[in-house]
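Presented below is the structure to which this report refers.
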Amino acid sequence: MEIIMSVVIGFMFMAAVYLMLSKSLIRIIIGTGLLSHGAHLLLLTMGGLGGEAPPVVAYGVSVSDYADPLPQALILTAIVISFAVTSFFLVVAYRAYQELGTDNMELLKGTEDHE
Amino acid sequence: MKTNDVMLQTVTKVVTFIILMFAVHIFFAGHYTPGGGFVGGLLTASAIVLLMLAFGIRTVKKIIPVNYVVMTSVGLLVAIGTAAASILFDVPFFTHAYDYFELPLFGETSLHSALLFDVGVYLVVVGVTMTIIQTIGEDE
Amino acid sequence: MSNLLLFPIIIPLIMATILMLFPNKIKMQRLVALLSALVTLIASLFLLFKVYNDGIQVVTLGSWPAPFGISMVSDLFSALLVVTTSLIVLFVVLYSFPTIGIKREQSFYYPAVLFLLTGVNGAFTTGDIFNLFVFVEVLLMASYTLIVHGGERQQLRESIKYLLVNIISSALFVAAVALLYSVTGTLNMADLAVKIPQIENTGILTVIAVLFLVVFGFKAAIFPLYFWLPASYHAPPMPILALFGALLTKVGVYAIMRTYTLFFTMNVGFTHELLAIIAILTILAGCVGALAYFDVKKIIIYNIIIAVGVILFGVSQLNEAGVQGSILYLIHDMMIKAALFFLVGIVAVIFGTSNLRKMGGLMKTYPVLGWTYLVAAFGLAGIPPLSGFPGKLLIVQGGFEGPQFWGSIVILATSLIVLLSAVRIFIYAFWGEPVETEPLKKSAYHAMLIPSMLLVAITVFFGVGAELFMPLVSGAAEVLLNPSLYIEAVFKE
């Protein structure tokens, strides 16, 4: 199972890099989303995939059956953060599109008073 | 061009309340099982967004005259306040208190100060999500 | 009062939240922002005093026992940085009144500054590597809003790149934390310091250490990861630039210093030599930039990069003189960069441009500004007895005692370039033919000059009275060099 997950993570990173290298801003944002999801999956996999019961204490479940709660807590935090950052990025991209009239990164190079 | 929204509007009138009830359920389920303020807040926000889609932003603003920035700020204050209350008792920050109470109607119920924290989280999530969506959706 | 060390984090957080409630009342915004920065400074001074007298302060959130809960640890090093940060934010708030403009003040400028303060103080205080990530995200989020604040064309364009770079480095941070957790099974820094020496396979740990160096290097702007910094920092207005230049890269530097002294010490021969080489390359790259541009903002921005290299070179030597020097120089650099940006900001306002070629002859009309700037520039270059000198002296000494003596020679040589780049601004802007300038209102000029002069005065005091601060600095260096002190303090709880 871990091996499949590793392949999936690698694939997500690959897709993310591909998307982030393109010129369109919206593709770049989708790429960053994929990148952070890949990182979250990595976090989940690295904690070990053993344990089927949710990490909330219940009667009649032996300790070894619980999933590791720490990666779950970390992922929840990381997801919330990437949710916030992605939505902020979208708003900024939208404003930039309105203000600058383009979403092509090729045209956003350099500075105004370039020496 | 005027599109016909009757289907959407009729369905929305029912579905919004189902989503809201489910949000409340998830919010309280977070006490001992998966769920909690964050998910509940997102569900509530999605219900409001559905209303906006069906009836337009201006109408919804009239129905729910809430300043979402203030809502976010109040939620943050509730959450930090709950955590900071532990300073008054001179125990480490974020230490929670809980006990079991005999409530009418509910029977023996456990009450936990983490619930207050979750209320704060709920308000923040609804506030932030709606602020973002309004910012993008408002200007044409 | 076990929670004392959290006050510099909680006070700005609560005050920022309250400030969000009434964005349009500017007088109240200013007053509350100033007061909360002041109270934060007082709380952090109390904390420094307490740590100095009673040793390392630890609180583990939620009353969980140490390796399971999130530990917040305040040793002398972090307490010193928290004090410096609070001081700088206080001055930035003061400097913002005349410069930032009413429009920005009405749209949550002060809350964003205070949230940034929360994040920076939290990152300096935390004792948990994932919690460090969270605080870094808090300060990044605040910095995103600040860098795009006002929504000018240049700001929008640069903030996209800034956002993208930081999102990538955050994703790498999560990945690095994941790998570290899989190898060690813990994320508490003190616990990591216990567990890492027990692991025999140092190869994988070295990889993780270098990955963390990349992650923090993005934030600290080390070679070759500094590419995003000059253009992004050039975009926002001056008070925000001062805030960023003084604080943001330093969080990355602090994280490298902490991790590379506390637990990534299993393969010093490789990781720390790499750090030393990168530090020297960072200095050289910064020097090229500082000499190449004719833009006052750009020159000081490239000096940030040089300073990052100098500080990291001191740490990489892992001896007493080097680490002490790094701590001194770090504190000096935070203050002097803020002061320089303030002063350069006044110059830019007077001329209405940041291009050096269009400046000249300010000495006749604004002599006080000129002399203050010269003192700050000499302090930056490390001319004795000003504040850059003791730190640089110790770093150079550490280099000669350590394995990379050639690094010290580079630092000595580049000091001249730093001096040249800073004095060049003086020569072009203050000497030469006077240029027609818009007359500046006396009150606005004084409102900008007074905080700048105060900050320069503090740096001068920090340099001349370095002997007074030495007990604090050597205490801070002792904890960095003896991880066992840190570990004992965390697990004693």
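Residue numbers (this note's numbering), protein chains in the order written: chain W, 204 to 318; chain A, -5 to 134; chain X, 3 to 495.
For each residue, glycine too, the CB sits at the ideal point set by N, CA and C.
query, result
"Residues that A/LEU90 bridges to, as DSSP identifies them", "A quick correction: the sequence has His, not Leu, at residue 90 of chain A. Its beta-bridge partners do not exist; DSSP assigns none."
"Within-7 angstroms CB hit, X/VAL150 to chain W", "yes"
"Same chain, Cβ closer than 6 angstroms to X/ASP335, five either side skipped, listed in chain order", "ALA309"
"CB-CB length for X/LEU118 against X/ALA81, believed under 8 angstroms", "Rounded, the Cβ-Cβ distance is 19 angstroms, inconsistent with contact."
"Proximity test, Cβ basis, 7 angstroms: X/LEU487 and chain W", "no"
"Contacts that X/PHE132 makes with chain W (C-beta to C-beta distance below 7 angstroms)", "LEU277"
"Contact set for A/HIS90: own chain, Cβ-Cβ below 6 angstroms, skip 5 residues either direction", "SER107 and ALA108"
"Local Cβ density within 10 Å of X/HIS151, reported as buried at 16 or more and exposed below that", "buried"
"Near-chain A residues of the region 4 to 22 of chain X - C-beta to any C-beta below 8 angstroms", "SER4, ASN5, LEU8, ILE12, LEU15, ILE16, THR19, ILE20 and MET22"
"Residues from the region 297 to 315 of chain W in contact with chain A, defined by Cβ distance under 7 angstroms", "TYR297"
"Run of the beta strand (DSSP E) containing A/THR129, from where it starts to where it stops", "Element bounds for A/THR129: not the beta strand (DSSP E) but the alpha helix (DSSP H), 107 to 132."
"Exposed unless 16 or more other CB atoms sit within 10 angstroms - verdict on X/ASP297", "buried"
"For W/LEU273, the three-state DSSP class (helix, strand or coil)", "helix"
"Residue of A/VAL33, A/ILE42, A/LEU117 and A/VAL64 minimising C-alpha distance to W/THR280", "A/VAL33"
"Rounded Cβ spacing between X/VAL351 and X/VAL75 (contact assumed at less than 8 angstroms)", "Actually they are not in contact, since the Cβ atoms of X/VAL351 and X/VAL75 sit about 42 angstroms apart, beyond 8 angstroms."
"Straight-line gap, X/LEU63 to X/PHE344 (C-alpha atoms, nearest Å)", "38 angstroms"
"Backbone CA spacing between W/GLU318 and X/LYS27 [nearest angstrom]", "Reliability fails at W/GLU318, whose pLDDT of 40 lies under 50, so the model's placement of it is uncertain and the value that follows must be treated cautiously. If I take the Cα positions, the gap works out to 41 angstroms."
"CA-to-CA distance, X/PRO238 to X/GLY247, given in whole angstroms", "11 angstroms"
"Cutoff 6 angstroms; reference X/GLY288; Cβ partners in own chain excluding five residues on either side", "TYR304, ILE307 and ILE308"
"Pairwise C-alpha distance: A/THR4 and A/VAL54", "15 angstroms"
"Spatial neighbours of X/VAL196 in its chain, beta-carbon cut-off 7 angstroms, leaving aside the 5 residues before and after", "ILE489"
"W/ALA284 at chain X interface by Cβ criterion, 7 angstroms", "A small correction: the amino acid at residue 284 of chain W is Ile; Ala does not occupy that position in the sequence shown. Closer than 7 angstroms to some Cβ of chain X, the Cβ of W/ILE284 qualifies, so yes."
"Any 3 or more C-beta pairs closer than 8 angstroms across the region 208 to 219 of chain X and the region 174 to 181 of chain X", "yes"
"Length at least 4, wholly inside the region 219 to 256 of chain X: the alpha helix (DSSP H) runs in chain order", "231 to 236 and 240 to 245"
"Neighbouring residues, chain A, relative to X/GLY247 (Cβ below 7 angstroms)", "Correct list: empty, because the minimum Cβ distance to chain A is about 28 angstroms."
"Chain A within 7 angstroms of X/ALA491, Cβ atoms only", "no"
"Boundaries (first-last residue) of the alpha helix (DSSP H) holding X/GLN156", "155 to 186"
"Chain-ordered neighbours of X/LEU63 on chain A, where CB pairs are closer than 7 angstroms", "PRO86, PHE87 and PHE88"
"Stretch-stretch touch, CB-based, cutoff 8 angstroms, three pairs: the region 318 to 334 of chain X with the region 385 to 404 of chain X", "yes"
"Chain W contact for A/THR76 (CB, 7 angstroms cutoff)", "no"
"Neighbour flag for W/SER239 against chain X, beta carbons, 7 angstroms", "yes"
"Through-space distance from A/ASP112 to A/VAL119, alpha-carbon basis", "10 angstroms"
"Where the region 2 to 33 of chain A meets chain W: residues whose CB sits under 9 angstroms from a CB there", "TYR26, THR27, PRO28 and PHE32"
"Contact under 7 angstroms by Cβ, X/PHE218 with X/LEU227", "no"
"Any chain A beta carbon closer than 7 angstroms to W/VAL294", "yes"
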